[in-house]
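Numbering (the numbering used here), first residue to last: 51 to 382. Below is one structure, written out as structure tokens; the observations come after it.
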Amino acid sequence: MLNDKTILITGGTGSFGKQYVKTLLARFKPKKIIIYSRDELKQYEMAQVYNDERMRYFIGDVRDQARLKQAMDGVDYVIHAAALKHVPVAEYNPMECIKTNIYGAENVIQAALQTGVHRVIALSTDKAASPINLYGATKLASDKLFVAANNIVGNRSTRFAVVRYGNVVGSRGSVVPFFQKLLDEGAKELPITDERMTRFWITLQDGVDFVIKNFQRMHGGEIFIPKIPSATITDLAKAMAPDLPTKIIGIRPGEKLHEVMCPADDSHLTLEFHDHYVIKPSISFTTSSDYSVNNLGETGKPVVQGFEYNSGTNSAFFTVPEIRELITRAMR
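In structure tokens:
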């Protein structure tokens with residue numbers, strides 16, 4: 051599917067982009083891979099590792115539609131990973147978050163339509179489901195933009211979909227490297243927000259694989275959500291430092307006790323597949339699709355009304371040894 055194709059990744063110098071590039075170069079024979087981001091230092095550092103002749107590095111901001119259009123010329127597949135993601139920073143700088151996460155999403159859509167990109171997948175977050183913080187609200191708006199974009203494609207082959215998943219083990223800004231930094235500095239205790247807190251967890255590689263698979267699955271307009279286990283924050287602390295006590299510091303502004311990926315209010319739109327869920331579009335497109343059967347022939351069935359995919363009531367939880375193994379694999 052991706053052989054002899056040109057792939058562009060916005061925000062491509064982040065954890066996801068690096069792993070995606072590593073996977074593309076190992077498994078496929080892409081024509082070109084374009085990293086589109088605004089930080090020249092991160093691009094320079096990434097180019098020292100990923101210096102394959104098929105790599106291209108474009109300085110640009112998703113707030114700049116003209117530059118996006120220029121970068122997408124001749125591109126077949128786009129992964130939109132660029133975002134302002136830090137919850138407290140977004141609360142203090144709301145318009146900056148809106149400009150990147152919402153206006154930037156619209157710019158990606160328009161550039162993809164104008165250049166004839168074949169498929170676009172936007173990365174979302176569990177915080178976009180029933181959001182209580184600005185970051186989540188902007189990502190919900192972004193999700194809606196990408197879904198609705200399928201209604202304005204006209205006779206183009208361009209299609210848009212969204213991938214939503216939970217916390218990525220070991221990614222920049224996640225609690226795992228934060229805890230590890232404290233441990234490396236000789237911490238005598240680990241700070242946790244609330245003993246009841248749970249989160250969905252996925253490895254970076256599993257996230258990358260899920261995105262690749264959904265390029266094959268998508269009709270256009272879906273929100274894809276993987277079935278992944280949850281973990282409690284206390285078990286995470288035990289896995290990383292079994293002999294250290296913990297200190298309750300309270301929930302940060304905009305945080306939830308438990309995260310949701312399929313809200314109950316969307317249960318009438320939600321389909322369950324063997325290893326993932328799909329939230330169908332709430333609007334009708336000019337070209338209708340049967341979302342219960344994807345382009346790989348996998349079939350899904352409607353969930354019961356009121357179903358909610360919640361990290362606190364998830365049917366699968368990591369044990370402490372499993373968390374330890376997960377972290378070890380993620381840090382390799």
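Backbone N, C-alpha and C define an ideal beta-carbon position, used for all residues, glycine too. Treat the numbers as computed from the prediction; the structure is a model and nothing was measured.
Query	Result
Tell me, please, whether the stretch 247-265 touches the stretch 58-73 by the rule of three or more beta-carbon pairs shorter than 8 angstroms.	yes
Which residues mark the beginning and the end of the beta strand (DSSP E) in which R169 is found?	R169 to L173
I'd like to know if the stretch 226-242 and the stretch 122-133 are in contact, where contact means that at least 3 CB-CB pairs between them fall below 8 angstroms.	no
Which of the three DSSP states, helix, strand or coil, is assigned to I373?	helix
Are the beta-carbon atoms of A211 and G300 separated by less than 8 angstroms?	no
What does the alpha-carbon distance come out to for the pair V139 and M145?	11 angstroms
So, using beta-carbon positions, are F323 and E348 closer together than 8 angstroms?	yes
When the Cα atoms are used, what is the spatial distance from A291 to V167?	47 angstroms
How is F260 classed by DSSP in three states: helix, strand or coil?	helix
Alpha carbon to alpha carbon, what distance is there between R249 and L376?	14 angstroms
Does the beta-carbon of D340 have 16 or more other beta-carbons within 10 angstroms, so that it is buried, or is it exposed?	exposed
Report the rounded CA-to-CA distance for A162 versus V112, giving the unit in angstroms.	12 angstroms
Looking at K82: is its Cβ nearer than 8 angstroms to the Cβ of R104?	yes
Need the endpoints of the alpha helix (DSSP H) that I59 sits in, please.	Counting along the chain, I59 falls outside any alpha helix (DSSP H), though it belongs to the beta strand (DSSP E) covering T56 to T60.
Less than 8 angstroms separating the beta-carbons of I171 and V261?	yes
On the criterion of 16 or more Cβ atoms from any shown chain inside 10 Å, does T363 qualify as buried, or is it exposed?	exposed
Beta-carbon within less than 6 angstroms of A179's beta-carbon, same chain only, minus the 5 sequence neighbours each way: which residues are those?	V310, M311 and P313
Over what stretch of residues does the alpha helix (DSSP H) that includes E146 continue unbroken?	P144 to I148
What residue does the alpha helix (DSSP H) around F274 start on, and which one ends it?	Taken as a continuous stretch (DSSP letters only), F274 belongs to no alpha helix (DSSP H), being part of the beta strand (DSSP E) at I273 to P276.
My output table needs one value for S192: the three-state DSSP class, helix, strand or coil.	helix
Between K149 and chain D, is any beta-carbon pair separated by less than 8 angstroms?	Absent here is chain D; the protein component of the structure consists of one chain.
Could you tell me which residues DSSP puts in a beta bridge with H326?	P276
Excluding sequence positions up to five away, which residues of its chain have a Cβ less than 6 angstroms from the Cβ of R246?	L307
In chain order, what residues of the same chain have a beta carbon less than 6 angstroms from the beta carbon of M96, not counting five sequence neighbours either side?	T63
What does the Cβ neighbour count give for K458, buried or exposed, with the cut at 16 atoms within 10 Å?	Not covered by the structure: residue 458. The range shown for the chain is 51 to 382.
From A287, P181, A155 and T56, pick the residue whose C-alpha is nearest to that of K231; which is it?	A287
Please state if the CB of H326 and the CB of I275 are separated by a distance shorter than 8 angstroms.	yes
What did DSSP end up calling S317 once you bin it into helix, strand or coil?	helix
L134 to M51, Cα distance in whole Å?	30 angstroms
Could you please give the first and the last residue of the uninterrupted beta strand (DSSP E) stretch that includes R249?	T248 to I252
Enumerate in chain order the residues of its own chain whose CB-to-CB distance from N264 is below 7 angstroms, with the five nearest sequence positions on each side excluded.	I171, A211, V213 and F274
I373 and D285: beta carbons closer than 8 angstroms?	yes
Check K82 in the structure and name its three-state DSSP category.	strand
Return the first residue and the last residue of the alpha helix (DSSP H) that A439 is part of.	Missing from the structure shown is residue 439; the chain here goes from 51 to 382 and no further.
With DSSP as the reference, identify every bridge partner of Y127, one or two as the case may be.	I57 and R169
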